[in-house]
Each structure stands twice: as structure tokens, then as C-alpha cells.
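Engineer:
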Amino acid sequence: GNTSRVLITDEKLWPMAKGCLNGGPQTRECYFEPLTSCKLSDVDSMYINNKINNNTAKLIEVQEEYDRTKRTVYSSEKLWFRNIRRKYSWVNLPGSETDYSTLTLNAASLAYYFRPKPWLRSEIDKRIRNSIPSDLNPDRTLGVPIRRSDKCHGHNITGSAKGELDCPGLLAYLAAVRKFLEFDPLIKNVIVTSEDKSACDEFLGLMKKEFPKLRVVLNVGDVQQGTGSGSKLESYVEGAANANVVASALTSMHLHLRARYFIITSKSTWTSTISVMARVYGFASEVFVLDIGRNTNNFAELARSGCGSRILE
130 GNTSRVLITD EKLWPMAKGC LNGGPQTREC YFEPLTSCKL SDVDSMYINN
180 KINNNTAKLI EVQEEYDRTK RTVYSSEKLW FRNIRRKYSW VNLPGSETDY
230 STLTLNAASL AYYFRPKPWL RSEIDKRIRN SIPSDLNPDR TLGVPIRRSD
280 KCHGHNITGS AKGELDCPGL LAYLAAVRKF LEFDPLIKNV IVTSEDKSAC
330 DEFLGLMKKE FPKLRVVLNV GDVQQGTGSG SKLESYVEGA ANANVVASAL
380 TSMHLHLRAR YFIITSKSTW TSTISVMARV YGFASEVFVL DIGRNTNNFA
430 ELARSGCGSR ILE
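In terms of the working numbering, the sequence shown is residues 130 to 442.
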């Protein structure tokens with residue numbers, strides 16, 4: 130639909146785009162299509178001759194309103210968001226707001242924001258073809274995206290932010306697999322991905338011992354850089370490049386779209402994103418999510434409950 134607002138992001142260096150292939154911009158547009166053809170040069174300056182430009186407004190405080198007729202609106206630099214009654218008034222889609230769920234619009238926004246450039250699409254497609262068995266049935270598949278390393282409280286990874294998740298032990302993942310098998314004994318495949326190679330290898334060992342008949346599907350060629358970002362990749366994986374991390378991560382997400390059942394950890398935006406995308410764009414007939422995390426947030430709630438889908442308690 131047509132919207133009266135165009136999001137224009139800044140052109141600051143994105144660490145994940147350092148050394149962009151083919152001399153591309155070292156911003157998100159190294160990997161993803163532009164959000165718009167508009168540029169920062171099209172934006173009205175906030176000040177003219179040291180006076181506020183009447184064509185602009187800036188969101189400063191959460192309680193503040195602004196004149197929506199202004200041509201350029203600058204976002205606040207503060208970490209806040211405003212709850213408004215008409216959440217989707219800005220999308221200008223046909224029909225009423227009740228025709229669109231929070232789940233659907235979140236997934237659609239993510240899909241639009243992360244539209245890969247042609248070279249990246251080609252790389253993801255190649256990796257998927259190397260990873261997924263031709264006879265894999267999504268309705269008989271469980272997805273286990275394990276997010277650990279620098280996400281966990283008390284990690285000692287140099288150069289990463291402090292942990293924000295009380296990470297469950299791998300035995301908790303194993304117990305969740307067992308619970309899903311009790312729920313659906315016809316599960317045949319388990320897709321296992323993780324940026325943490327040691328945790329992934331240990332979990333695969335547990336799976337082989339406890340569930341030897343299940344077929345494990347891996348992301349072939351995954352960098353497994355041992356951190357949630359690639360900004361200091363050279364410190365973790367010798368000879369790796371940021372492009373490989375981005376391709377690996379997006380391949381993992383697309384692999385999980387071939388699953389019906391998911392084990393996620395609350396407050397991991399990554400595992401919650403996978404579940405949200407699977408609910409809207411996945412290949413399975415219905416999605417079931419088991420959250421073994423010990424922390425909660427609103428996005429994880431969306432990943433757990435979706436929109437009318439069932440939750441495995």
C-alpha cells in the first residue's frame with residue numbers, strides 16, 4: 130500500500146559491512162536492497178540560519194506529539210517507543226486495522242527490510258540446496274536454533290556486549306525435543322543451527338545418543354563465528370569474512386522455515402524472529418513453539434503465540 134512516510138536510514142558505517150564485496154557501500158546496503166530511492170540529501174535540514182525549519186519536527190520525549198503535516202520527521206535518539214491506539218494507521222493499507230495482525234505486519238516488515246541483494250540471494254540458495262535433503266517434509270521437522278555465546282550472562286568473549294540472557298543448558302533443549310516427540314511421534318528431522326560451534330557440537334552428540342533415529346539437518350558451510358555479530362570476526366574465526374557470517378545467518382533462518390516445530394529462548398530476538406517468520410512465510414501447515422527461555426519480552430510472546438496458532442504448553 131501507499132504510505133505517507135518514507136523511512137530513510139543514516140549512512141554510517143555498519144561493522145558487519147566492513148570490507149564489503151565488490152566495493153559496495155559499508156552500510157546495510159552492502160547486503161540488502163535499499164529501503165527507498167530517497168537519500169539523506171532529500172531530507173529537510175532541521176535548522177535554517179540557526180532557526181527551526183518549519184518543514185521539520187523531531188520526536189524528543191515519549192509523551193510528545195508532533196504535527197503530522199510536517200514533511201520531515203526526525204526520530205528521537207532515545208531508546209523508547211510509544212504505544213498508540215491505532216498502531217497501523219501509518220501503513221495506509223486497504224481495509225480496516227483489524228484486517229492486519231501484529232504478527233503479519235512484523236513479519237512483512239522484516240521481510241521487506243532484509244531483502245538480499247542478488248549475489249546474496251544466490252549464495253543463500255546455493256547453501257540451502259547443499260543443506261536440505263530433497264525428501265525433507267516440513268510437517269515432520271523440528272527446528273532448534275541455539276543462540277548462546279555472547280548472548281549468555283557471564284560470557285567471557287572479548288569485544289562483545291555483556292550477555293542479556295540466562296541461557297538454558299543443552300539438556301533443556303534435549304528435554305524439549307523429547308516433549309515434541311511425545312506430542313508428535315512422526316517427527317523425522319531436526320534442523321540444528323548455532324553461532325556457537327562448541328555448543329552445537331555438544332548438542333549433536335547428545336542427539337546422536339538419545340535420538341539416533343532422527344535425521345539431523347545442518348547448515349552446510351556455516352561459519353559459526355562464536356558471537357552474535359561479525360564486527361570483530363577476525364578475532365574469532367581465522368580467514369572468515371563478514372559476508373560469510375551474513376550468508377550463514379540468513380541461510381540458517383531459511384532452513385528453519387522448513388520446520389513446523391520450534392524450540393526457542395525468550396529474549397533472543399534471533400530465535401523469536403525465526404519463529405515469527407516461519408508462522409507467516411514458512412512451508413509447514415502449522416507452527417508450534419516451545420519456549421525454554423528464562424527471560425521474557427513482547428517479541429518473544431509474539432513468537433510463542435503468533436496469531437491464532439496453538440502453543441505447546
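For each residue, glycine too, the CB sits at the ideal point set by N, CA and C.
In whole angstroms, give me the CA-to-CA distance for Met382 and Val202.
Structural biologist: One-based indexing of the sequence shown puts residue 382 at position 253. One-based indexing of the sequence shown puts residue 202 at position 73. Straight-line Cα distance between these residues: approximately 33 Å.
Engineer: Quick one: give me the first and last residue of the beta strand (DSSP E) that Asp420 is part of.
Structural biologist: In the sequence shown, the residue the question calls residue 420 occupies position 291. It spans Phe417 to Asp420 - the beta strand (DSSP E) in which Asp420 sits, taken as one unbroken run.
Engineer: Quick one, which of Val346, Glu158 and Thr425 has its alpha-carbon nearest Pro144's?
Structural biologist: The residue given as residue 144 occupies position 15 in the sequence shown. Per the Cα distances, Glu158.
Engineer: Sorted by chain position, which residues of the same chain lie with C-beta nearer than 7 Å to Lys199's C-beta, five sequence neighbours on each side aside?
Structural biologist: Start at 1 with the first residue of the sequence shown, and residue 199 comes out as number 70. The answer, listed in chain order, is Asn184, Thr185 and Ala186.
Engineer: Count the C-beta pairs between the stretch 256-270 and the stretch 296-312 that are closer than 8 Å, then say yes if the count reaches three, no if not.
Structural biologist: In short, these stretches do not touch, since the Cβ pair count stays below three.
Engineer: Where DSSP assigns a beta bridge to Gly272, which residues make up the other side?
Structural biologist: As a position in the sequence shown, residue 272 is number 143, starting the count at 1. DSSP lists Ile320 and Phe391 as partners of Gly272.
Engineer: How about the stretch 390-409 and the stretch 425-432: do they share at least three Cβ pairs that are nearer than 8 Å?
Structural biologist: The answer is yes - the stretch 425-432 touches the stretch 390-409, with three or more Cβ pairs under 8 Å.
Engineer: Using a Cβ-Cβ cutoff of less than 6 Å, which residues in the same chain neighbour Leu142 once the five nearest sequence positions on both sides are dropped?
Structural biologist: Position 13 of the sequence shown, counted from the first residue, corresponds to residue 142. Gln155.
Engineer: Relative to the alpha-carbon of Ser414, which residue among Thr400, Thr270, Cys329 and Arg276 has its alpha-carbon at the smallest distance?
Structural biologist: The residue labelled residue 414 in the question sits at position 285 within the sequence shown. With distances taken between Cα atoms, Ser414 lies closest to Thr270.
Engineer: Three or more C-beta pairs under 8 Å: does that hold for the stretch 245-256 against the stretch 297-312?
Structural biologist: With a cut-off of 8 Å, the stretch 297-312 and the stretch 245-256 do not count as touching, because too few Cβ pairs lie within range.
Engineer: Leaving aside the five residues before and after Leu419 along the sequence, list all residues of the same chain whose C-beta is less than 8 Å from its C-beta, in chain order.
Structural biologist: Position 290 of the sequence shown, counting from 1, holds the residue named residue 419. Closer than 8 Å at the Cβ level, and outside the excluded window around Leu419, lie Ala305, Lys308, Phe309, Tyr390, Phe391, Ile392, Ile393 and Leu441.
Engineer: So if DSSP puts Tyr203 in a beta bridge, which residue, or which two residues, is it bridged to?
Structural biologist: If you number the sequence shown from 1, residue 203 lands on position 74. Partner(s): Lys187.
Engineer: Helix, strand or coil for Phe412 per DSSP?
Structural biologist: For this step, residue 412 is matched to residue 283 along the sequence shown. Phe412: coil per DSSP, three-state reduction.
Engineer: Under 8 Å Cβ to Cβ from Phe412, same chain only, skipping five residues before and after it: list those, please.
Structural biologist: Position 283 of the sequence shown, counted from the first residue, corresponds to residue 412. Excluding sequence neighbours, Phe412 sits near Pro267, Leu386 and Arg387.
Engineer: What distance in whole Å lies between the Cβ atoms of Val319 and Val346, which are believed to be in contact at a cut-off of 8 Å?
Structural biologist: As a first step, residue 346 is located in the sequence shown; it is residue number 217 there, counting from the start. As a first step, residue 319 is located in the sequence shown; it is residue number 190 there, counting from the start. So it is a contact: roughly 7 Å between Cβ atoms.
Engineer: May I ask which residues mark the beginning and end of the alpha helix (DSSP H) holding Arg256?
Structural biologist: Here residue 256 corresponds to residue number 127 of the sequence shown, with the count starting at 1. Pro247 to Ser260 is the extent of the alpha helix (DSSP H) around Arg256.
Engineer: Just the C-alpha distance for Glu190 and Arg423, rounded to the nearest angstrom, thanks.
Structural biologist: Working through the sequence shown from its first residue, we reach residue 190 at position 61. Working through the sequence shown from its first residue, we reach residue 423 at position 294. Their Cα atoms are separated by approximately 32 Å.
Engineer: By how many angstroms is the C-alpha of Ala146 removed from the C-alpha of Pro163?
Structural biologist: For the purposes of this step, residue 163 is taken as the residue at position 34 of the sequence shown. For the purposes of this step, residue 146 is taken as the residue at position 17 of the sequence shown. Roughly 14 Å between the two C-alpha positions.
Engineer: Please determine, among Met175, Cys167, Gly435 and Cys281, the residue with the shortest C-alpha to C-alpha distance to Val409.
Structural biologist: Along the sequence shown, read from residue 1 onward, the residue named residue 409 stands at position 280. When only C-alpha atoms are compared, the closest one is Gly435.
Engineer: Kindly give me the distance between the Cβ atoms of Ile403 and Gly272, rounded to whole angstroms, as I take these residues to be in contact under 8 Å.
Structural biologist: On the sequence shown, position 274 is the one that residue 403 refers to. On the sequence shown, position 143 is the one that residue 272 refers to. Ile403 to Gly272, Cβ: 7 Å. Contact.
Engineer: If the criterion is Cβ atoms closer than 8 Å, does the pair Val352 and Ser377 meet it?
Structural biologist: For the purposes of this step, residue 352 is taken as the residue at position 223 of the sequence shown. For the purposes of this step, residue 377 is taken as the residue at position 248 of the sequence shown. In this structure, Ser377 lies closer than 8 Å to Val352 by Cβ.
Engineer: Give me the DSSP bridge partner(s) of Phe161.
Structural biologist: Residue numbering aside, residue 161 sits at position 32 when the sequence shown is read from its first letter. DSSP, once it has assigned bridges, lists Pro245 as partnering Phe161.
Engineer: From the DSSP output, in three-state form, read off Val75 for me.
Structural biologist: No information on residue 75 is available, as it lies outside the stretch 130 to 442 that the chain covers here.
Engineer: Name the DSSP beta bridge partners of Lys180, please?
Structural biologist: Locating residue 180 in the sequence shown gives position 51, counting from the first residue. Note: Lys180 sits in a beta bridge opposite Ile177.
Engineer: Once DSSP output is grouped into helix, strand and coil, what is the label at Phe340?
Structural biologist: Here residue 340 is taken as the residue at index 211 of the sequence shown, counted from 1. Coil.
Engineer: Let me know if Arg277 comes out buried or exposed under the rule of 16 or more other beta-carbons within 10 Å of its beta-carbon.
Structural biologist: Position 148 of the sequence shown, counting from 1, holds the residue named residue 277. Result: buried.
Engineer: Throw me the rounded Cβ distance for the Val86 and Leu232 pair, which I believe falls under 8 Å.
Structural biologist: Missing from the structure shown is residue 86; the chain here goes from 130 to 442 and no further.
Engineer: Would you kindly work out how many angstroms separate the C-alpha atoms of Ala236 and Phe243, rounded to a whole number?
Structural biologist: Here residue 236 is taken as the residue at index 107 of the sequence shown, counted from 1. Here residue 243 is taken as the residue at index 114 of the sequence shown, counted from 1. Each residue's Cα considered, the two are about 11 Å apart.
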